[in-house]
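Some notes on the structure that comes next.
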Amino acid sequence: MLATVAAVILVLIAALHSVLGEAALLRPLFARPWELDIPREPAERIFRFAWHLTSLAWIGLAAAVLGLSALHATALVCLGSGALVFVMLRGHLAWPLFFAVAGCIWASLGVIPALALQTLSFVGAGLAVALAGLHVYWGLGGRWGFAAALPQGEDGEPAIVPGPLPCFAVATACAALGVLLAWPSFAPLAAPQRIMLWIALVVFVARAVGDGRQVGFSKANHETAFARADDALYSPLVVGLAFACGAALLLA
139 MLATVAAVIL VLIAALHSVL GEAALLRPLF ARPWELDIPR EPAERIFRFA WHLTSLAWIG
199 LAAAVLGLSA LHATALVCLG SGALVFVMLR GHLAWPLFFA VAGCIWASLG VIPALALQTL
259 SFVGAGLAVA LAGLHVYWGL GGRWGFAAAL PQGEDGEPAI VPGPLPCFAV ATACAALGVL
319 LAWPSFAPLA APQRIMLWIA LVVFVARAVG DGRQVGFSKA NHETAFARAD DALYSPLVVG
379 LAFACGAALL LA
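Here the sequence shown stands for residues 139 to 390, where the numbers follow the working numbering.
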C-alpha cells in the first residue's frame, strides 16, 4: 500500500514538474528577448527536453517502486527519453545513445524477440540495397538527390564531389552490407562475416558522431542545406543501419 502511495506521489511530482515548468518557467523564459550568442531554436528545444527528461526519470522511479526491476525501469526511461529527444531535436546525439542503452539492457536480459531483431535487420538490409541502387544511379551520371547528399563548406559550395568510381565503391559496400544484414535470418554467420558486421557497425557509429565540422551530430554548422538534411534524415538513417548491424550480430 505504501509503495503504491509513493509511486503515485512520484507520478504526480513528474506531472506537476512538466505542466508547471512549461507554464511558469519555460514559456515565460522563451518569450523574452534572446541575448545569448547561440542559436535560439535548438537551445530552446534542448532546455525543454532536458526539463521533461527529469519528469520521465521520476516516472521510471515510480515503476521501480511498484516492483519493476531496476534494469527494466532504466531501459524504459531511456526508451522514452530517446523518443522525446528524437521528436524535439533530431540532430542531437542524445537520442541514439538513449536507445542504445535501452537496447543493450534488454539484449543482456535476452528479452528482445527474435522477430524484432529479424525485422530490424531486414529493414536495414532493404535500406542498404536501396542506397546501393542510388549510388549506382549517381555513378552512371544521375543527379537526383546528388547535390543534397554532399557536405557543404562555409561558402555553401560542396566540400567534395565524388566521381563515378567512389559511387560504385559505396554501392558495392552497401550491397554487401544488405546481404550481411539478411544472412543471419537464414544461416549462421561465419567469423569473417561477423568481423565485417562489426566493422560496419563501427563505421556507422563514427559517421553518426561525425567529424566535428561538416557531418554527423557533432558538426559545427547546423544551418546549411546539407546540415539540415543530415539532422533530419541522413544521420538518423546511419543510426538505423548501426542498430540493424547490432540486431544481425545478436541474431548470429
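Note that the Cβ used here is the ideal one computed from N, Cα and C, for glycine as well.
Looking at the strands, I want to know which residues DSSP matches up with residue i.
i: GLN290; result: PRO296
Can you tell me the Cα-Cα spacing of residue i and residue j, whole angstroms?
i: GLY114; j: ILE197; result: The structure shown does not extend to residue 114, since the chain is modelled only from 139 to 390, so the question has no answer here.
i: ALA311; j: LEU148; result: 50 Å
i: ALA195; j: HIS230; result: 19 Å
i: GLY294; j: GLY241; result: 38 Å
i: CYS383; j: LEU265; result: 12 Å
i: LEU303; j: GLN352; result: 23 Å
i: VAL340; j: PHE284; result: 25 Å
i: PHE224; j: VAL274; result: 31 Å
i: PHE355; j: PRO330; result: 30 Å
i: LEU272; j: ALA338; result: 19 Å
i: ASP349; j: PRO180; result: 20 Å
i: ALA232; j: TRP282; result: 32 Å
i: TRP244; j: THR212; result: 10 Å
i: VAL267; j: ILE176; result: 39 Å
i: LEU140; j: VAL249; result: 30 Å
i: PRO300; j: ALA270; result: 15 Å
i: LEU318; j: ILE333; result: 11 Å
i: ALA287; j: ARG178; result: 26 Å
i: PHE168; j: GLY159; result: 12 Å
i: THR142; j: TRP172; result: 44 Å
Measure the beta-carbon distance from residue i to residue j and round it to whole angstroms, keeping in mind my assumption that it falls under 8 Å.
i: SER193; j: LEU389; result: About 35 Å separates the two Cβ atoms, so there is no contact after all.
i: PHE187; j: LEU164; result: Contact doesn't hold; Cβ gap of about 11 Å is too wide.
i: ALA365; j: ASN359; result: 6 Å
i: GLY277; j: PHE306; result: 5 Å
i: LEU191; j: SER219; result: 5 Å
i: LEU253; j: LEU335; result: Between LEU335 and LEU253 the Cβ distance is about 20 Å, and since that is not below 8 Å, they are no contact.
i: ALA346; j: ALA380; result: 7 Å
i: VAL203; j: ALA144; result: 5 Å
i: LEU327; j: TRP321; result: 6 Å
i: GLY262; j: GLY378; result: 7 Å
Checking 8 Å against the spacing of the C-beta atoms, do residue i and residue j come in under that value?
i: MET226; j: ARG170; result: no
i: THR362; j: GLN256; result: no
i: LEU214; j: ALA201; result: yes
i: PHE342; j: VAL376; result: yes
For a cutoff of 8 Å on Cβ pairs, would you count residue i as touching chain D?
i: GLN256; result: Absent from the structure: chain D. Only one protein chain is present.
*Taking only runs that begin and end inside the region 150-176, name each unbroken beta strand (DSSP E) of 3 or more residues, in chain order.*
none
*In the region 258-339, which residue ranges form an unbroken alpha helix (DSSP H) of at least 4 residues, counting only runs that do not cross its ends?*
302-320
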